[in-house]
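The working numbering puts the first residue of the sequence shown at 472, with every later residue one more than the last. Ideal Cβ placement from N, Cα and C applies to all residues, glycine included. Note that the structure is a prediction, hence the values are computed from the model and not measured. Scroll down for the structure; my scribbles are underneath it.
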Amino acid sequence: PIIRLLGESFVLDTGWGMENYTAVLTGKGFAEAFGNSIIISLTSAVISTVLAFFLAYSIQYTNLGAKYKKLIRLLAVLPMLLPTITYGFAIIYSFGKQGLLTKLFGRQLFDIYGLKGLMIGYIIYTLPISFLLINNTMGYIDKKFLIVSRVMGDHAGRTFYQTILRPLSGTLAASVIQSFFLSFTDFGIPASVGGRTEVVAGRLYNEMLGSVPNFNKGAVVAMMMLLPSIISILVLSYLEKYNIPNDV
């Protein structure tokens, strides 16, 4: 299918050529949409990874009660059961002009359409994946290293870095990459709360299923969306050597 998609991107009315790529890449709004996708997806991926880290840390390294840890784990993975467009509707019903929280506070806290809505939606969408990756790796870290570090006289910051952050470096990077890829290629969230902020997934929809469908130019957009995926796979393959083996 990918080879056929690549071929379709070169098909013209008069034969074959690069005109589709030229038209799409230099077309109005594409560079802005592509840049928005990169910036918003990367920012939300970093935030999602940070939040997932603290959620996993609360389960693996704190004295919270078992029922609270179970609740945290349940809430962290719950969004995986819902389609992404549902997150957008949840944001609308919570923070919209007639939303529940808007009525409770007596005013709309922020404009949900555009950058802020996309960020919140992407974070909710990618948080479960980040949490599962980080929590699983944390479970394999030998917590006896904490005691050894304390005995060696390391201060709290060095202990935290050497015994938790450093072993997790590969997983944290993988979490950011996975979250970025999921956000970059998602359409449901931009469709519901994207507003006037264009992203590349929205451009793909407009080209393929808009009022005047153009499958050849849509294939070009799809190929451009594949580039971050290819880069992500290469980086993840490289980062595998930094992951903690399951048999340690």
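Between the Cα of residue i and those of the options, spot the shortest distance and give me the residue it belongs to.
i	options	result
T555	N677, I510, P638 and G588	G588
L617	Q633, F602, I605 and N606	Q633
I591	A537, Q569, I660 and I702	I660
T639	S650, A527, F686 and F481	Position check: residue 639 holds Leu in this sequence, whereas Thr was assumed. Checked all of S650, A527, F686 and F481; the closest Cα to L639 is A527.
Y596	N491, A547 and G624	A547
G750	M489, K538, G536 and L707	Shown here, the chain extends from 472 to 719; a query on residue 750 therefore has no answer.
S650	T497, I510, A502 and E479	I510
How should residue i be labelled, buried or exposed, when 16 other C-beta atoms within 10 angstroms of its C-beta is the threshold for buried?
i	result
F655	buried
T493	exposed
P550	buried
V719	For V719, the pLDDT reaches just 43, beneath the cut-off of 50, and the residue's location in the model is therefore unreliable, although a value from the coordinates is still provided. Classification for V719: exposed.
M609	buried
F566	buried
With residue i and residue j assumed to form a contact (beta carbons below 8 Å), what rounded beta-carbon distance in angstroms separates them?
i	j	result
V495	V692	6 Å
L586	T668	6 Å
S508	V670	4 Å
F658	A645	Wrong, their Cβ atoms sit about 24 Å apart, outside the cutoff.
L477	M694	6 Å
F481	R674	With 8 Å as the limit, F481 and R674 do not qualify as a contact, their Cβ atoms being about 19 Å apart.
G666	Y584	3 Å
F686	E479	6 Å
Would you kindly check if the distance between the Cβ of residue j and the Cβ of residue i is under 8 Å?
i	j	result
A516	V647	yes
L519	I612	Reading the sequence as shown, one finds Ser at residue 519 and not Leu. No, Cβ-Cβ distance for S519 and I612 is not below 8 Å.
I530	R544	yes
Exercise for the section: Decide if the segment 564 to 576 is in contact with the segment 593 to 606; the criterion is three or more beta carbon pairs, one per stretch, under 8 Å apart. Expected result: no
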